[in-house]
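Here the structure comes first, spelled out in structure tokens, and everything after it is commentary.
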């Protein structure tokens with residue numbers, strides 16, 4: 032910029048100096064360029080520098096410090112002053128307009144970012160609304176199906192009691208078979224009761240929830256499936272484990288996804304197959320860990336582990352961990368994963384702990 036001013040000054044001096052006063056307007060190119068490309072400050076500096084450079088060159092030429100390059104007309108100083116005034120007016124206007132232009136650009140960029148945030152928030156709210164609607168529908172379906180299955184199980188359990196009374200003291204083999212039927216029916220009844228209780232709880236409002244009870248229900252729901260694969264399930268929760276504020280059905284969904292993920296990792300394993308759900312307490316947080324003794328998570332999978340549609344399994348959808356992470360994040364928590372030092376993987380869910388609650392939804396009942 033300053034080099035441009037110097038070159039123009041040399042050119043005007045060569046063209047006659049003060050005699051070329053009518054061409055001083057050529058300086059306006061520099062402040063206009065500086066204002067558009069650089070900044071308002073650069074525009075002002077270019078204007079002042081151009082004015083000072085020409086005046087200095089004209090005075091040095093008039094005082095014979097520089098050799099004359101032309102004969103100045105009588106009104107040369109008036110012409111130079113008028114053109115320099117135009118130069119400064121153009122420079123000042125360019126500086127003002129350049130500043131307004133940059134402010135508009137910054138404002139437009141801020142509005143665009145705000146629009147993007149609003150769009151993202153709209154998508155998030157729409158997703159949450161759809162998920163809430165699905166939970167409501169799922170709750171209604173579960174409630175209806177569970178009620179019908181419960182009635183069918185009662186139709187099995189009641190005749191068993193009648194059969195026992197009619198037979199009196201049956202043979203050992205028959206008694207063993209009756210005990211197994213009764214045990215299986217009662218276990219199924221407990222599972223259905225848990226599902227029915229969960230479905231009846233509000234799907235739209237967050238309430239105080241017991242992590243330990245959610246874990247116990249998960250074990251009952253997955254019990255048969257895990258035993259079929261030879262997997263041992265362990266629960267380890269302190270008696271005073273804090274409650275969390277959440278939708279019970281969502282917590283159930285998160286834990287089922289994590290346990291199912293661990294089950295898939297253990298299904299083809301040769302070593303001891305164990306899944307452990309443990310409750311840990313940290314300041315202000317209620318943390319649960321789902322640990323397995325499987326092969327662990329491939330290192331290259333960690334960066335994309337919670338991305339939608341990403342999976343390392345041939346039969347997986349790639350949605351379970353992504354949905355779980357979104358649910359935990361919406362509850363103000365964090366879902367992380369790591370490989371254990373002694374083998375296997377651990378998924379860690381950290382949620383804000385509830386210090387105390389007058390009423391507990393999902394707490395164990397006697």
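Numbering (this note's numbering), first residue to last: 32 to 397.
Where is the CB? At the ideal position from N, CA and C, for every residue including glycine.
For clarity, every value in this text was computed on a predicted model and none was experimentally measured.
* To do: Using three-state DSSP, classify residue 106 as helix, strand or coil.
  => Coil.
* **Rounded distance between the beta-carbons of residue 85 and residue 40, thought under 8 angstroms** => Contact check for residue 40 and residue 85: beta-carbon distance about 6 angstroms, within the 8 angstroms limit, so the pair qualifies.
* For residue 75, collect the residues of the same chain with a Cβ closer than 6 angstroms to its Cβ; drop the 5 residues on either side in sequence, then sort them by chain order. => Result list for residue 75: 126, in chain order.
* Provide the residue span of the beta strand (DSSP E) that contains residue 310, from first to last. => For residue 310, the uninterrupted beta strand (DSSP E) segment begins and ends at 305 to 313.
* Asked: Would you call the CB atoms of residue 379 and residue 320 closer than 9 angstroms?
  -> It is a contact, given that the beta carbons lie within the stated cut-off.
* Roughly how many angstroms lie between the CA atoms of residue 360 and residue 77, to the nearest whole one? -> One alpha carbon belongs to residue 360, the other to residue 77, and they sit about 54 angstroms apart.
* Asked: Just curious, the beta strand (DSSP E) that residue 367 is in, first and last residue?
  -> 365 to 370 is the extent of the beta strand (DSSP E) around residue 367.
* To do: Return the bridge partner residues of residue 29 from the DSSP annotation.
  => Missing from the structure shown is residue 29; the chain here goes from 32 to 397 and no further.
* To do: Tell me residue 264's beta-bridge partners as DSSP assigns them.
  => DSSP output for residue 264 lists 306 as bridge partner(s).
* **Integer Cβ distance of residue 250 from residue 266, believed to fall under 8 angstroms** => For residue 250 against residue 266, the beta-carbon gap comes to about 6 angstroms, under 8 angstroms, which counts as contact.
* Helix or strand or just coil, what does DSSP make of residue 341? -> Here residue 341 sits in coil by DSSP.
* To do: State the DSSP-derived secondary structure class of residue 239, mapped to helix, strand or coil.
  => Here DSSP, grouped into helix, strand and coil, assigns residue 239 to strand.
* Close-in-space but distant-in-sequence residues of the same chain around residue 43 (CB under 8 angstroms, 5 per side omitted) -> The residues are 51, 54, 55, 57, 85 and 88.
* **Bridge partners - residue 378, DSSP secondary structure assignment** => BP columns for residue 378 point to 321 and 368.
* Could you give the distance in angstroms between the alpha-carbon of residue 36 and the alpha-carbon of residue 95? -> When rounded, the distance between both Cα atoms is 22 angstroms.
* Asked: In three-state DSSP terms, what is residue 350?
  -> DSSP places residue 350 in coil when its eight states are reduced to three.
* Is it right to say residue 272 is buried, meaning 16 or more other beta carbons lie within 10 angstroms of its own, or is it exposed? -> So residue 272 ends up on the buried side.
* **Beta-carbon gap between residue 112 and residue 49 smaller than 9 angstroms** => Residue 112 is not a Cβ neighbour of residue 49, given a cutoff of 9 angstroms.
* Asked: Mapping DSSP to helix, strand and coil, what is residue 233?
  -> Legend: pLDDT at residue 233 = 48, less than 50; position of this residue unreliable, no value from coordinates given.
* Between the region 301 to 313 and the region 255 to 264, do at least 3 Cβ pairs fall closer than 8 angstroms? -> Below 8 angstroms, enough C-beta pairs join the region 301 to 313 and the region 255 to 264 to call them touching: three or more.
* Taking C-alpha atoms, which residue in 207, 205, 183 and 243 lies nearest to residue 216? -> For the residues 207, 205, 183 and 243, the minimum Cα distance to residue 216 belongs to 183.
* Asked: Can you pull the DSSP bridge partners for residue 383?
  -> 316.
* To do: List the whole-angstrom C-beta distance separating residue 279 from residue 245, where the pair is believed to meet the contact cut-off of C-beta under 8 angstroms.
  => Contact flag correct, Cβ pair sits at about 7 angstroms.
* Going by alpha carbons, who is nearest to residue 365 out of 81, 298, 328 and 282? -> Measuring from the Cα of residue 365, the nearest candidate turns out to be 282.
* **Where the beta strand (DSSP E) through residue 18 begins and ends** => With the chain covering only 32 through 397, there is no way to say anything about residue 18.
* To do: Using a threshold of 9 angstroms, state whether the C-beta atoms of residue 369 and residue 376 are closer than that.
  => Yes; because the gap between Cβ atoms is below 9 angstroms, this pair is in contact.
* Asked: Considering only the beta carbon of each residue, do residue 209 and residue 221 sit closer than 9 angstroms?
  -> The answer is no: Cβ separation not under 9 angstroms.
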